[in-house]
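Colleague: Residue numbers (the numbering used here), protein chains in the order written: chain G, 1 to 206; chain U, 1 to 206; chain L, 1 to 206; chain Y, 1 to 206; chain B, 1 to 206; chain C, 1 to 206; chain D, 1 to 206; chain A, 1 to 206.
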Ligand SMILES: Nc1ncnc2c1ncn2[C@@H]1O[C@H](COP(=O)(O)O)[C@@H](O)[C@H]1O
Ligand SMILES: Nc1ncnc2c1ncn2[C@@H]1O[C@H](COP(=O)(O)O)[C@@H](O)[C@H]1O
Ligand SMILES: Nc1ncnc2c1ncn2[C@@H]1O[C@H](COP(=O)(O)O)[C@@H](O)[C@H]1O
Ligand SMILES: Nc1ncnc2c1ncn2[C@@H]1O[C@H](COP(=O)(O)O)[C@@H](O)[C@H]1O
Ligand SMILES: [Mg+2]
Ligand SMILES: [Mg+2]
Ligand SMILES: [Mg+2]
Ligand SMILES: [Mg+2]
Ligand SMILES: [Mg+2]
Ligand SMILES: [Mg+2]
Ligand SMILES: [Mg+2]
Ligand SMILES: [Mg+2]
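Following this line, the structure appears as structure tokens:
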């Protein structure tokens, strides 16, 4: 706020009445507000409570008012992931960016097992100012992206996998140890944090 | 290289003869070269082998030729840390930035236990384009910085501490879980990676 | 008991019949009794079984008789936390202190991301004899408090967070490694233990 | 300092020249100063550099001037441990307390395997205002003490043991999970922190 | 079997039809059979399927025929634990011993926080040939028992606790690092294994 | 002692002067004494200090007087291991048993990769009252032994291995999870504890 | 695909509509398709949606068309496990192999606690080209197999067990540290991966 | 042996005299013998003790007689790694393969950060029957190889890295979770095991 960042509400460990109370205080001031990781039962209740609100049941993002930044009109942030399993993280970043007034485009078909799909997109991806790359299992996608593209890269490990990679820790450690240059990392499933980090960079970008 | 990044040599697990061979191949092409995490015995030997070279025995950085970017002439990157214990990481980032032609200023007196020292520097720190924040023990410094300053922040955990914080993992996890908005993180002791991430951002910055 | 401490019942792994039996034996002796971490279904059943009893569904604390120590009349213990997510731990400490006949005041609006909220309360907080500080995620609040206030500080990590900080272990380790002087720590979510530790100190305090 | 606490220097990760520089700045202001976890080679050098200084080679504590608080003249703090293996932690707490002007008595013969040794000391131990209890291996001593004595207890896990208890983590976790009431804990080997926590309590004690 | 041990069925990861099939094959040979860790729904179904069978819903032990060894007629095995939370492990050992034709007595009131309860039972406990000691949380009970009694001791960690001791690992490690002499340990919650180990000893005992 | 067990000194974290002082106090009372895990430099010094003493440089066991129980004259304890790498643990158990007046025989050629070597010894091994089984790497030897022999089995994980099994933790966990019936376990490298556990059993054995 | 491998769908983290969409796109191209780790509710729905499809509710494998490779007609792959608890992993490998057109035979009665059952099958097992060995708990079966049979061995840890072996990590580490020669390992519960690894080998085998 | 595998000696935890004794027993039978992970001091001593022997000081492999299989004459096994840091593992596999009479070729210049180097070798690599892929840090190389080549792949994590990837565990977990199909894995630094696994496959290969 003091820093020009809107306040965002962590929804996972707040009860429905507490969430409603907080959201009403924003609403009464005429402000929009964003809550993340809101579980489905609470999200559905909030959606019917606040007219004109948005609830994305894949990511659990709730917003008092639908952000009106259109999907991908400019070339600010590209959101890359391997497939539909990572969508809950991708969407958290996507709606947070919209809420912040930034433009984001989603690339969900960029798997590393088939490296050619990524290679064929390299030129198109060069246009974006910041790249957010989400991956679960062994989390190798940011390494491949980092070897092919020069922009700032924010890697987000996703808690997708089983056995040794069950909770996202392997993807996290892979991203932290990446042999590709200058990749930065945020917490497991922290699409919100990746969006905020992109926002900090975009504020500085010509 | 393809991406405009100079190649940097990881020195820790290479023998002296191997390092000399690699460095000579750069030298023979008239190129400068940087090696990181070079242990003291190898560093001293390299220094006497290559005339005009630089070896920083605090960080283990070796460069064929002294980078000539002067200390802190502009306001590109601020390097913050609590004290002298973190200097080995700070210096790795500092010399890598110089090697990349970026300007960096070191702030080593910014301890969080005495929050007033940080508060008194906030205005001066606002001038930098990117902030790299190094911390060991519980690693709380980036959270405090993130609550006070709006720039891109790259947090680097340092392997300084004992007991539960012996190897830097507590600092790493603190930084990843930070309640301050949009902080990104690199591997423990990875001053080099933080510098490269800053470089990616600076390339995009007006 | 021998030490002047009332016995407190650990409710989480006891069945309802076992809890009722134990509580009735206290009741029949005319004693009050406290049970902690009682799950909602059992708590509601106990409340209707024992007239005049208290069940706090946020913390799971049950007491045979409502403790009659009023909220915050004197300046014994201040309970600090960042927000509503930590309330389940705060309340466990709060009701235990009341049960022990100690006076406690709750400060739930003391977040470290906005350091100014804490700074504005420092003078008021100086009046308390003991500070209990609850924090989840990266658990940095006790460090900030410890740098600003001279009293005994008991830090309680809360199992609030996700990704690397999911179960409270990061907050615990941060508190144990704190660079602030002389902070002591109890188990994750152990509001009860923090209250007992405060009670040991208050017994010695003028 | 602001809080009335003297500044203490963490010696483990500072080079000899850096330590000398810091200590001279204290000396030139006529102040005493304490450094902890100073390795033997550096400790011996400091001792010969600064006349009238103290270096305890068991704990690695260095002080510019010998603290003159006599051993155990009053009944402020009792330091309990099982035997000589824990002495490096006990002494760090002991000399820090002396430096802070507090009186401490050491009880090194209180093993839990032979519970009768502890039982025979209970009456004598009741006189102290604060108990610091150090233990390695399984770390059960604080639990036994906590069941027998009502004072504030600060437990310190020691990195003494092998196999599963090699680095002190088992002792730490035992102390945090103790079924004895109201035991507080500091980091592994953190005798310094235990002393500071005792000091915070003693400041409040009649 | 070849070794004179009856075969015991691990019930947790077998479906009801699979369990019924296995048990019927024992029944058709006129043999008794034991299954452990059978979940309530399956246990209740088995109980009504097999007439004269036993299902203990605390431990999940199922037996085709009620073992007829009376509770505690001789002095073979004493089962010690702190309280009712550990009963699910105690009972698994108890019914397995009965199935093996051994006599076992349960002592559930032996808490270490009140060491006097244990001290008052020492003479009575001296009569048993083997001691099985179950403990959760910090798991210190076997250490205390081992310092007071000379028999073979089999310690069983119970998955009772929260925070750092949530899954029984702290109790396990405490038992493995015990400073009491010659304590042996089995897996967390493995009452069955403790009973089998006691049985191996009893076969050798005069 | 009270329990009829001789006191054994843990040598690893005691300095040479401290060890000499303790040993002299035993010697002056005409008692034998055993110290375990005494490092080579201290062991050699003790050996020359105390005439007629024993120091085994493989295990680090020191005894004031050579125990005079001959190697394997009766059939009390068999010590099994796969090969020479485990000898440091085997010998700690062996000399402790001798010190306790028990008879022990070593079988170092019983590898599980070649199961036929173990099978060929089964009849001979049936004669012993207690089996101690030492294994590093994956620690599977006790499982095989437990499937073939009915006696009490004490498994000792050895810190022999590399990669995932570097510190003995894999062997420990394998032994704790063994599908063979009634195997008990002691701490990693704890040959001393295994000997004491065998001694407790032998005291009860006809 | 490019490599001649059919694409297999990871079903666990995909919603039913997403799965249906993907499967229909395969169906419309006249292709068979396999999905793994499909939870029961989704599996049952898919089975009724796609006529002629296969859903194995033990492993969660779904196939658009029943693979028509008969059970075990030739001697390509033997699937070994100790018993019914491991069947969910065994079946994932079995149906994947069928889908790949390979012949597999299941040996579910090969427990290591009774080593004779395995020994009696050695000659029969010699006929297979590749051995896949599944084990939970301590995971020792592959070691025994590796000491008796010369073929390529792919070991699969199963998440079957409790206490220290709850999630399959002990079995995994045991297999990685096996003292038997040349055993390879895949992720916990990864029957699919084991089948693919066998397929890579069979493609090269005469 | 029984299986046609030569016995290989684990050298790391054996003393020089023990190694000499074992090797002489092979020599006296006219057999060659291989020892792995022999530390430099012991390796040098063995080399001068046994005429005509081989000691590779990079991997620590010792062989009584130089294997005479020439480097890479046929197309049996390709050994891939990113660079010189992994050479200690590569060479262990290389010399073991030679000892087993297999032909191996080393590709040390195949880094994933520069994916084009790998792409340019794909056709050449198609000729080999088995691929062994060694990687440290985040260990992503096998995933890339697995997406491009159809042969059996044995991945070996190397203990090369720092921070979170210090001991090779990240590389191990990455390889186990790889999204590329059918990759198998051996223990960290286990070049020997990878060679034996390749040997098992080659025995079956036309
Ligand atoms: N300190 C460092 N931490 C992480 N990566 C590094 C470091 N120094 C160099 N690198 C990277 O390691 C690669 C060089 O590895 P190498 O070929 O083994 O010297 C380069 O691509 C650098 O990006
Ligand atoms: N042994 C110790 N353990 C933890 N903190 C310490 C220790 N010794 C000194 N400190 C703290 O570390 C700070 C000094 O750090 P430094 O400026 O690096 O010397 C002081 O504020 C002390 O509170
Ligand atoms: N190797 C060992 N492992 C575990 N405990 C030991 C060992 N050696 C001696 N002890 C125990 O440690 C206690 C002695 O500790 P201390 O008084 O420090 O010598 C004795 O009571 C022994 O039971
Ligand atoms: N059970 C499984 N374990 C690991 N990988 C799998 C599994 N099932 C499918 N896959 C792989 O996951 C990829 C499919 O991922 P997706 O596109 O998300 O369905 C395929 O390329 C398969 O190689
Ligand atoms: Mg993914
Ligand atoms: Mg720091
Ligand atoms: Mg919090
Ligand atoms: Mg101790
Ligand atoms: Mg208990
Ligand atoms: Mg072994
Ligand atoms: Mg199994
Ligand atoms: Mg590598």
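Note that beta-carbon positions come from the ideal geometry of N, C-alpha and C, so glycine has one too. Note that the structure is a prediction, hence the values are computed from the model and not measured.
Residue 91 (chain B) CB to nearest chain D CB: under 8 Å?
Modeller: Start at 1 with the first residue of the fifth chain, and residue 91 (chain B) comes out as number 91. No, because no Cβ of chain D sits closer than 8 Å to the Cβ of residue 91 (chain B).
Colleague: Measure the Cβ-Cβ separation of residue 176 (chain L) and residue 170 (chain L) and say whether it is below 8 Å.
Modeller: Translated into the one-based positions of the third chain, residue 176 (chain L) becomes position 176. Translated into the one-based positions of the third chain, residue 170 (chain L) becomes position 170. No, the Cβ-Cβ distance between residue 176 (chain L) and residue 170 (chain L) is not below 8 Å.
Colleague: So which residues on chain U does residue 74 (chain L) lean against when the C-beta distance must stay under 9 Å?
Modeller: Indexing the third chain from 1 puts residue 74 (chain L) at position 74. Those do not exist, as residue 74 (chain L) stays about 29 Å from chain U at its closest Cβ, beyond 9 Å.
Colleague: From the DSSP output, which residues share a beta bridge with residue 107 (chain G)?
Modeller: By 1-based counting over the first chain, the position of residue 107 (chain G) is 107. According to DSSP, residue 107 (chain G) bridges with G:80.
Colleague: Between which two residues does the beta strand (DSSP E) holding residue 55 (chain L) run?
Modeller: Working through the third chain from its first residue, we reach residue 55 (chain L) at position 55. Element bounds for residue 55 (chain L): 54-56.
Colleague: What residue does the beta strand (DSSP E) around residue 10 (chain G) start on, and which one ends it?
Modeller: Taking the first residue of the first chain as 1, we reach residue 10 (chain G) at position 10. Residue 10 (chain G) -> beta strand (DSSP E) spans 8-10.
Colleague: Check the Cβ of residue 176 (chain D) against every Cβ in chain C and list those closer than 9 Å, keeping chain order.
Modeller: Along the seventh chain, one-based indexing puts residue 176 (chain D) at 176. Result: 138, 163, 164, 165 and 170.
Colleague: Between residue 16 (chain A) and residue 160 (chain U), what straight-line distance do the alpha-carbon atoms span, to the nearest angstrom?
Modeller: Within the eighth chain, the letter at position 16 stands for residue 16 (chain A). Within the second chain, the letter at position 160 stands for residue 160 (chain U). Computed Cα separation, rounded: 38 Å.
Colleague: In three-state DSSP terms, what is residue 5 (chain C)?
Modeller: The sequence position of residue 5 (chain C) within the sixth chain is 5, counting from 1. Of the three classes helix, strand and coil, the one that applies to residue 5 (chain C) here is coil, per DSSP.
Colleague: Once the 5 residues before and after residue 87 (chain G) are set aside, which same chain residues still bring their CB inside 8 Å of it?
Modeller: Within the first chain, numbered from 1, the residue matching residue 87 (chain G) stands at position 87. Closer than 8 Å at the Cβ level, and outside the excluded window around residue 87 (chain G), lie 58, 59, 81 and 108.
Colleague: Would you list the one or two residues that DSSP bridges to residue 154 (chain C)?
Modeller: Locating residue 154 (chain C) in the sixth chain gives position 154, where the first residue counts as 1. Beta-bridge pairing links residue 154 (chain C) to C:132 and C:184.
Colleague: If you draw a straight line from the alpha carbon of residue 83 (chain U) to that of residue 110 (chain U), how long is it in whole angstroms?
Modeller: As a working mapping, residue 83 (chain U) is identified with position 83 in the second chain. As a working mapping, residue 110 (chain U) is identified with position 110 in the second chain. Straight-line Cα distance between these residues: approximately 7 Å.
Colleague: If we cut at 8 Å on Cβ distances, does residue 182 (chain A) have a partner in chain G?
Modeller: Position 182 of the eighth chain, counting from 1, holds the residue named residue 182 (chain A). Not closer than 8 Å to any Cβ of chain G, the Cβ of residue 182 (chain A) fails to qualify, so no.
Colleague: Can you pull the DSSP bridge partners for residue 62 (chain G)?
Modeller: On the first chain, residue 62 (chain G) is found 62 positions in, with the first residue counted as 1. Per DSSP, G:35 and G:55.
Colleague: So, is residue 48 (chain D) buried or exposed, given that buried needs 16 or more other C-beta atoms within 10 angstroms?
Modeller: Numbered from its first residue, the seventh chain carries residue 48 (chain D) at position 48. Classification of residue 48 (chain D): exposed, given that the 10 Å Cβ count is below 16.
Colleague: Suppose you measure from the CA of residue 31 (chain A) to the CA of residue 64 (chain A); what does that come to, to the nearest Å?
Modeller: On the eighth chain, position 31 is the one that residue 31 (chain A) refers to. On the eighth chain, position 64 is the one that residue 64 (chain A) refers to. For residue 31 (chain A) and residue 64 (chain A), the distance between alpha carbons rounds to 8 Å.
Colleague: What do you get for residue 122 (chain L), buried or exposed, if any count of 16 or more other CB atoms within 10 angstroms of its CB means buried?
Modeller: The residue given as residue 122 (chain L) occupies position 122 in the third chain. The residue is exposed, with fewer than 16 neighbouring Cβ atoms inside 10 Å.
Colleague: Taking C-alpha atoms, which residue in C:76, C:187 and C:8 lies nearest to residue 104 (chain C)?
Modeller: Position 104 of the sixth chain, counted from the start, is the residue given in the question as residue 104 (chain C). With distances taken between Cα atoms, residue 104 (chain C) lies closest to C:76.
Colleague: Of the residues G:187, G:156 and G:54, which one's Cα is nearest the Cα of residue 40 (chain G)?
Modeller: Within the first chain, residue 40 (chain G) is the residue found at index 40, counting from 1. Looking at the Cα atoms, G:54 is the closest of the given residues.
Colleague: Exposed or buried, which one is residue 37 (chain A) when buried takes at least 16 other CB atoms within 10 Å?
Modeller: As a position in the eighth chain, residue 37 (chain A) is number 37, starting the count at 1. Classification of residue 37 (chain A): buried, given that the 10 Å Cβ count is 16 or more.
Colleague: What residues match up with residue 205 (chain G) in a beta bridge as DSSP calls it?
Modeller: For this step, residue 205 (chain G) is matched to residue 205 along the first chain. DSSP output for residue 205 (chain G) lists U:205 as bridge partner(s).
Colleague: Can you list, in chain order, the residues of its chain with a C-beta nearer than 6 Å to that of residue 96 (chain L)? Leave out the 5 residues immediately preceding and following it.
Modeller: Position 96 of the third chain, counting from 1, holds the residue named residue 96 (chain L). Result list for residue 96 (chain L): 192 and 195, in chain order.
Colleague: Can you tell me whether residue 120 (chain Y) is helix, strand or coil according to DSSP?
Modeller: As a position in the fourth chain, residue 120 (chain Y) is number 120, starting the count at 1. Note: residue 120 (chain Y) maps to coil in three-state DSSP.
Colleague: Taking the straight line between their C-alpha atoms, what separation do you get for residue 23 (chain U) and residue 190 (chain U)?
Modeller: On the second chain, position 23 is the one that residue 23 (chain U) refers to. On the second chain, position 190 is the one that residue 190 (chain U) refers to. Rounded to the nearest angstrom, the two C-alpha atoms are 22 Å apart.
Colleague: Can you list, in chain order, the residues of the region 139-158 of chain G whose Cβ is nearer than 7 Å to any Cβ on chain D?
Modeller: The region 139-158 of chain G vs chain D, Cβ under 7 Å: nothing.
Colleague: Where does residue 177 (chain B) sit, in a helix, a strand or coil, going by DSSP?
Modeller: Start at 1 with the first residue of the fifth chain, and residue 177 (chain B) comes out as number 177. Reduced to three states, the DSSP call for residue 177 (chain B) is coil.
Colleague: Pick from L:203, L:9, L:205 and L:182: whose alpha carbon is nearest that of residue 7 (chain Y)?
Modeller: The residue you call residue 7 (chain Y) lines up with position 7 of the fourth chain. Answer by Cα proximity: L:182.
Colleague: Between C:26, C:114, C:197 and C:131, which lies nearest to residue 151 (chain C) when the distance is taken from Cα to Cα?
Modeller: Taking the sixth chain and counting its residues from 1, the one referred to as residue 151 (chain C) is at position 151. Checking every option, the nearest Cα to that of residue 151 (chain C) belongs to C:131.
Colleague: Go ahead and pull the three-state DSSP assignment for residue 189 (chain A).
Modeller: Along the eighth chain, one-based indexing puts residue 189 (chain A) at 189. Reduced to three states, the DSSP call for residue 189 (chain A) is coil.
Colleague: Are residue 180 (chain D) and residue 146 (chain D) close, meaning C-beta to C-beta below 8 Å?
Modeller: Counting from one through the seventh chain, the residue named residue 180 (chain D) turns up at place 180. Counting from one through the seventh chain, the residue named residue 146 (chain D) turns up at place 146. Against a cut-off of 8 Å, the Cβ pair of residue 146 (chain D) and residue 180 (chain D) comes out as a contact.
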